[in-house]
Amino acid sequence: MIKLPNLPSKLKAIIESDYANNPYTSGTSVSLPEALVIASVIDAFKLSQTLEIGLASAGSSAAILAAKSYGGCINSHIAIDPYQKTHSEGKGLKVLEKLGYIDRLEWVENLSESYLPEAIKSKKKFDFILIDGGHGLGQSMIDAYLADRALRVGGFIAIDDIYMKSTCNSIKFLTSECGYDVVDCRTTVLNFPRLLKHSFRLGFSYAKMMVSRCSDSLVVLQKVKDYYGGY
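Just so you know, we're using this note's numbering here: the sequence shown kicks off at 2 and counts up by one.
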């Protein structure tokens, strides 16, 4: 099992500053601990081909772009969000422009289930995919399945809101059927009340795995082999 190394102090300060200067993070974005974990994965493994489903208020995009910039990577970051200008009122784009990252963002105003099959068809492979879009059961499963198909072996998928039943099922699909490893990115002591709370809802084994290895409500998974859909 991979244990994430500590984030470089200079990069950590950048992430914290960006987060503090984003007025829209509350309620519609990853938390600061989750943003730091995302940046740690990008920095530690020097990931360059990055994509996320769900731009929202750009807390995660800012962390990804800051980590890539810190490591000298000039590749753009792709964010799929067809509702950025409607549901989110363009907040994520405004934040990234304010922070100076907008020129390295490729915003895809399309549905993930439309974009990802085309990327797979063209044999495009990603190093890192963050899933934080629609949280219905069908959408969560579709995004997990297509993200796996678009990810290179050795790459990483991060999923937010891991204590929802829909994301629970998509994570079980990736870990059980596809053989993904759960990365140890917990930065605090084991939260036993949280373990008990989610054990009743989602099952003890799942809750134990998430609470003991994850940061806040974010899981990071590493792809160790190709999945062929049971054929």
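Glycine residues also receive a C-beta, built at the ideal position from the N, C-alpha and C atoms.
Span separating the alpha-carbon of residue i from that of residue j
{"i": "G72", "j": "R105", "result": "14 Å"}
{"i": "I39", "j": "A159", "result": "8 Å"}
{"i": "D217", "j": "A120", "result": "31 Å"}
{"i": "S41", "j": "L117", "result": "25 Å"}
{"i": "K173", "j": "F127", "result": "21 Å"}
{"i": "S49", "j": "K13", "result": "19 Å"}
{"i": "D161", "j": "V212", "result": "13 Å"}
{"i": "P24", "j": "K99", "result": "11 Å"}
{"i": "V220", "j": "D182", "result": "11 Å"}
{"i": "I103", "j": "I79", "result": "11 Å"}
For residue i, the residue or residues it bridges with in DSSP
{"i": "L222", "result": "I158 and V183"}
{"i": "A80", "result": "E53 and W108"}
{"i": "K4", "result": "D185"}
{"i": "L152", "result": "F127"}
{"i": "S216", "result": "L219"}
For residue i, the three-state DSSP class (helix, strand or coil)
{"i": "D128", "result": "strand"}
{"i": "H136", "result": "coil"}
{"i": "Y164", "result": "coil"}
{"i": "K47", "result": "coil"}
{"i": "I75", "result": "coil"}
{"i": "L191", "result": "coil"}
{"i": "G230", "result": "coil"}
{"i": "H199", "result": "helix"}
{"i": "N170", "result": "helix"}
{"i": "A120", "result": "helix"}
Neighbour flag for residue i against chain C, beta carbons, 8 Å
{"i": "F46", "result": "Of the chains in the structure shown, none is chain C; there is only one protein chain."}
(Q) I want to know whether the stretch 135 to 144 touches the stretch 200 to 207 - three or more CB-CB distances under 8 Å. (A) Between the stretch 135 to 144 and the stretch 200 to 207, the count of Cβ pairs shorter than 8 Å is below three; the stretches do not touch.
**Q.** Cβ contact (3+ pairs, closer than 8 Å) linking the stretch 51 to 59 and the stretch 92 to 102
**A.** Two segments are said to touch when three or more pairs of C-beta atoms, one from each, lie closer than 8 Å; by this definition the stretch 51 to 59 touches the stretch 92 to 102.
Q: Decide yes or no for the touch test of the stretch 116 to 130 against the stretch 187 to 199: beta carbon pairs closer than 8 Å, at least 3 of them.
A: The stretch 116 to 130, when compared against the stretch 187 to 199, does not touch it at the 8 Å Cβ threshold.
Q: Give a yes or no on contact between the stretch 143 to 152 and the stretch 83 to 90, applying the rule of three or more CB pairs nearer than 8 Å.
A: No: the two stretches stay apart, fewer than three of their Cβ pairs being nearer than 8 Å.
Q: Quick one: which unbroken alpha helix (DSSP H) runs of 4-plus residues sit fully inside the stretch 14 to 45? Chain order, please.
A: Runs found: none.
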